[in-house]
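Trainee: Plus 1 on top of the position in the sequence shown (first one is 1) and you've got my numbering. Note that beta-carbon positions come from the ideal geometry of N, C-alpha and C, so glycine has one too. No experiment lies behind these values; they were computed from the predicted model shown.
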Amino acid sequence: MMKLTLTSAALTLALSGGAYAQQGNPGAHFVQNWDQDGNGAVTQAEAQTMRDNLFTTFDADEDGKLSAEEFDAFDAVRAADQKEMRAELGVKAGGGMGKGMWPGMMRAEGGLMRAFNDADGDGAVSREEFVGRTADWFATMDQTGD
């Protein structure tokens, strides 16, 4: 249960960056929580470390793979976090996200989905697959190319 609680917190930090976009600085909360050296930017190396941490949190049996059941748990926590974030923002299901927030959230979310991470299509996601997709995921979110 502690592992799942930490996971929920980690995902909230990972995915909530878009929620704060409407307050003037898109992705500020994401940067605040994933910027490990405090320089105001998230590097690909920092993103890789955070993805590795997320993987470790959800690999309940510690076999180096997220089984279908483990990924289902990951999906459920992400869905709950999104629902909570929408409620906090007063956004009703199906709308109101606006151009400023929605595209960034979808890029962040897309990189955490099973189909994106299961490179060999075997139904399980290995640590190598999940962490190895960091560069591709990071590129979809890095709007400045720096």
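#1: Put L67 into one of helix, strand or coil per three-state DSSP.
#2: Do F31 and V43 have their C-beta atoms within less than 8 Å of each other?
#3: Note down the Cα distance separating S127 from K66, rounded to an integer number of angstroms.
#4: In this structure, does DSSP put V78 in helix, strand or coil?
#5: To the nearest angstrom, how far is the alpha carbon of F75 from that of D137?
#6: In the structure shown, what three-state DSSP assignment does V32 receive?
Mentor: The structure says:
#1: Here residue 67 is taken as the residue at index 66 of the sequence shown, counted from 1. In the structure shown, L67 sits in a strand (DSSP, three-state: E or B).
#2: Taking the first residue of the sequence shown as position 1, residue 31 is located at position 30. Taking the first residue of the sequence shown as position 1, residue 43 is located at position 42. In this structure, V43 lies closer than 8 Å to F31 by Cβ.
#3: As a working note, residue 127 is residue 126 in the sequence shown. As a working note, residue 66 is residue 65 in the sequence shown. Cα to Cα, S127 sits roughly 4 Å from K66.
#4: Taking the first residue of the sequence shown as position 1, residue 78 is located at position 77. Here DSSP, grouped into helix, strand and coil, assigns V78 to helix.
#5: The residue labelled residue 75 in the question sits at position 74 within the sequence shown. The residue labelled residue 137 in the question sits at position 136 within the sequence shown. If I take the Cα positions, the gap works out to 20 Å.
#6: By 1-based counting over the sequence shown, the position of residue 32 is 31. Three-state result, V32: helix.
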